[in-house]
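Sequential numbering of the sequence shown, starting at 546, is according to this note's numbering. From the three backbone atoms N, C-alpha and C, an ideal C-beta is built for every residue, glycine too. Take a look at the structure below.
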Amino acid sequence: MSLNKHQYFGLNSWARNYVANAVSKTIAGSIQRRLANLSASEPAVASLYAYTMPDGKVLTEFVQGSVWSSGLNYLVALKDENGVMVTLSLWSQTEYDDMKAQHRELAVGPILPIV
């Protein structure tokens, strides 16, 4: 793995299954990789989406946190129209550990919140 390789792991399995029922999906933003000098960005690592659900609610992806391993590995969750996090969409430590086991190159450590 090359140095400073950023990866997108996206939504947890519950959230992926939940938004599969969305009636529409639009780009709401992106995850930008910052260069070391912090003065410029490279192309987006991934897009962040807004999902309109059958009941009319809109859920938007946000970066819950990241894990460092030769670059940031982004974990994404959902929030509602009021900015309230959808609890079941949040990556748990167990889910993170399972994902880490599947991708052995990931560093050991907790999910780090993006501030």
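(request) Whole angstroms is fine: what's the gap from A567's alpha carbon to T597's? (result) 5 Å
(message) I need the straight-line Cα distance from A652 to V564, nearest angstrom please.
(response) Annotation note: pLDDT 47 at A652 (below 50); position unreliable, no value reported.
(request) To the nearest angstrom, report how far apart K602 and V608 are at their CA atoms. (result) 20 Å
(message) Just to confirm my understanding: we take D625, look at its own chain, exclude 5 residues before and 5 after, and list those with CB closer than 7 Å. What are they?
(response) Excluding sequence positions up to five before and after D625, its CB lies within less than 7 Å of the CB of K602, L604 and V631, all in the same chain and listed in chain order.
(request) Please report how far the alpha carbon of W559 lies from the alpha carbon of A622, in whole angstroms. (result) For W559 and A622, the distance between alpha carbons rounds to 10 Å.
(message) Pop quiz: L617 and W636 are said to be a contact at Cβ under 8 Å. What is the actual Cβ separation, rounded to whole angstroms?
(response) Actually they are not in contact, since the Cβ atoms of L617 and W636 sit about 14 Å apart, beyond 8 Å.
(message) Pull the bridge partners of Y619 from the DSSP assignment, please.
(response) Y553 and S611
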